[in-house]
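Data block below; observations after.
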């Protein structure tokens, strides 16, 4: 037989209304009474009915997340950070996955979460400034935190320092004496990817470096692989590749290896994210670290504090990035150039020898 409110009230010597106030976390209960009720709950093994509590309060202790597919590594880590921090703050997490950033899909996902009586929603989907601001205006009863929106947006957001991170990547390759670059971005809809591309282009122009080609990827390894296969098929000259995430960089390394292009001797490669596997790529990947877990955690912390904001004030936090140098990059040395020249001479010598043998 299950334990009820009345059983707890009888053992604690209080009314059922007092038991309700204690289990709902109300402040208008004396410490002594709260202690008696909690002791009775513990002694009887009483489990509060969370559904009934939610109905009585008219709201839930659940935080909503609208996200892209969590099969993407960075997306999954951000969602994990949101869930961890929500749990620490006493909230559950309700996840709604969208296949794209199509505006109607986002609104449908928000309505689905709102039907579960959530008050707070983290949007982990790339949106334009107009889209983000429209959502805030349309769903006035909800508090939002965005992860991937333009920095000029008049909304709450948390993001990484994409511009500075991209600058560090370019400076590292310039220090490695690299001159001709392939750029591989993420989807154009992503503000983070666009900021990295803008920073790459600006820094390379400032140093008079050549951009051999630029490709738009989709965050997956295959898109990086196909970009490099295309660049080599077109016989483009390049000695460095800047990639907007580590997964696409994995595809880049695979393509270069298959086609016999030595990394880092002939081509140096830099990724972005510093996912846990990047240290075990072949060779280990130089990359720019952004802390996905912290992004999710800070999104929740700032979102739950957003009720303290004054009208037309926004919580906008940019988390730092840092360069992690590994074996996929190195200084282009004279020795390396001479080695390549020797290989070229050997190829010519083999061709001459083969021609001489055939003519006898």
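Residue numbers (the UniProt record's numbering): 1 to 360.
Glycine is no exception: its CB is placed at the ideal position from the N, C-alpha and C atoms.
For residue 105, same chain residues with a beta-carbon under 6 Å away, outside a window of 5 residues either side, are 98 in chain order.
Contact between residue 145 and residue 136 does not hold, since their C-beta atoms are separated by about 11 Å, which reaches or exceeds 8 Å.
Taken through DSSP and simplified to helix, strand or coil, residue 130 comes out as helix.
The beta strand (DSSP E) runs of length 3 or more contained entirely in the stretch 82-128 are, from start to end of the chain, 92-97, 120-124.
One Cα belongs to residue 89, the other to residue 95, and the distance between them is close to 17 Å. In summary, residue 69 is exposed, with fewer than 16 beta-carbon neighbours lying within 10 Å of its beta-carbon over all protein chains present. Assigned with DSSP and collapsed to three states, residue 211 falls in strand. For residue 62, the enclosing beta strand (DSSP E) has its first and last residue at 62-67. For residue 272, there is no enclosing alpha helix (DSSP H); the enclosing beta strand (DSSP E) has its first and last residue at 268-273. If the five residues before and after residue 86 are omitted, its C-beta is found closer than 6 Å to the C-beta atoms of 63, 93, 300, all from its own chain and listed in chain order.
In the three-state scheme derived from DSSP, where H, G and I count as helix and E and B as strand, residue 202 is classed as helix. Of 101, 128, 133, 140, the smallest CA-CA separation from residue 118 is found for 140.
In the structure shown, residue 244 adopts coil according to DSSP, grouped into three states. Secondary structure at residue 171: helix, using DSSP grouped into helix, strand and coil. Between the alpha carbons of residue 233 and residue 110 lies a distance of about 45 Å.
Residue 254 sits in a helix when the DSSP states are folded into three classes. At least 8 Å separates the beta-carbon of residue 204 from that of residue 225. In this chain, the alpha helix (DSSP H) harbouring residue 229 covers 221-233. Judged by beta-carbon spacing, residue 259 lies beyond the 8 Å limit of residue 271, meaning their Cβ atoms are not closer than that value.
Using a C-beta cut-off of 8 Å, the stretch 184-198 makes no contact with the stretch 310-325, since fewer than three inter-stretch Cβ pairs fall below that distance. Counting C-beta pairs with one atom in each stretch, the stretch 239-256 and the stretch 214-229 have three or more that are closer than 8 Å, which means they touch.
Excluding its 5 nearest sequence neighbours in each direction, residue 83 has C-beta neighbours in its own chain below 6 Å: 93, listed in chain order.
The beta-carbon distance between residue 242 and residue 170, rounded to whole angstroms, is 7 Å. This is short enough to meet the 8 Å contact definition. For residue 5, the uninterrupted alpha helix (DSSP H) run begins and ends at 5-12, by DSSP.
In the three-state scheme derived from DSSP, where H, G and I count as helix and E and B as strand, residue 158 is classed as strand.
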